[in-house]
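Notes follow the structure.
Residue numbers (my numbering): 3 to 167.
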């Protein structure tokens, strides 16, 4: 664990801190456990939990790192996300009204039975970030390796929702 050298993260005496806020790592099988308990009812719960985590993480890192623009904060988000082990998140398109994310090496593929429920959590994670940068946003998973064997990635499209005046 000593090799964990990401800015803002420290490890001491079994405690992982992100800018002085304690964080924990957990195996993705926990999401599978929730889905086996709640069935399809787990989807809104997982989206909600992911949204809270995504929002909390980007708020904390934005406050500490102070990126200058949307592109920098998006790069920061993809770096944070990729460092947490869910897979390699790449922003393919970043503009003032849309971001397209692709996820390579989705942790779901490493499970005995790939789970769409992990994607619900990831959708929420991206939603939390998106609502932070756009205030109001719609997130949709448009492509997924769990649904199409010819793909080696999942893709989410984030659309900024314009505020009514």
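Where is the CB? At the ideal position from N, CA and C, for every residue including glycine.
Keep in mind the model is a prediction, meaning the values are calculated, not measured.
| field | Distance between residue 95 and residue 24 (C-alpha atoms, nearest Å) | value | Here residue 24 refers to the residue found at position 22 of the chain shown. Here residue 95 refers to the residue found at position 93 of the chain shown. C-alpha of residue 24 to C-alpha of residue 95: approximately 32 angstroms in a straight line.
| message | Do residue 105 and residue 155 count as a contact pair if the criterion is CB distance below 8 angstroms? | response | Within the chain shown, numbered from 1, the residue matching residue 155 stands at position 153. Within the chain shown, numbered from 1, the residue matching residue 105 stands at position 103. In contact: residue 155 and residue 105 (Cβ atoms closer than 8 angstroms).
| Inter-residue Cα distance where the pair is residue 79 and residue 58 | What you label residue 79 is simply residue 77 of the chain shown in a count that begins at 1. What you label residue 58 is simply residue 56 of the chain shown in a count that begins at 1. Spanning the two alpha carbons is a distance of roughly 11 angstroms.
| said: What does the Cβ neighbour count give for residue 22, buried or exposed, with the cut at 16 atoms within 10 Å? | reply: As a position in the chain shown, residue 22 is number 20, starting the count at 1. Label assigned to residue 22: exposed.
| query | How many Å lie between residue 192 and residue 153 at the Cα? | reply | Absent from the model: residue 192. The displayed extent of the chain is 3 to 167, so no value can be given.
| said: Can you find the residues in the same chain that come closer than 6 angstroms, C-beta to C-beta, to residue 84, ignoring five residues on each side of it along the sequence? | reply: On the chain shown, residue 84 is found 82 positions in, with the first residue counted as 1. Residues 90, 91 of the same chain have their beta carbon placed closer than 6 angstroms to that of residue 84, with the five preceding and five following residues left out of the count.
| Distance between beta carbons of residue 88 and residue 128, contact taken as under 8 angstroms | The residue you call residue 128 lines up with position 126 of the chain shown. The residue you call residue 88 lines up with position 86 of the chain shown. At roughly 11 angstroms, the Cβ-Cβ gap does not stay under 8 angstroms, so residue 128 and residue 88 are not in contact.
| said: Using only the alpha-carbon positions, how far apart do residue 161 and residue 98 sit? | reply: Position 159 of the chain shown, counting from 1, holds the residue named residue 161. Position 96 of the chain shown, counting from 1, holds the residue named residue 98. The C-alpha of residue 98 is placed about 9 angstroms away from the C-alpha of residue 161.
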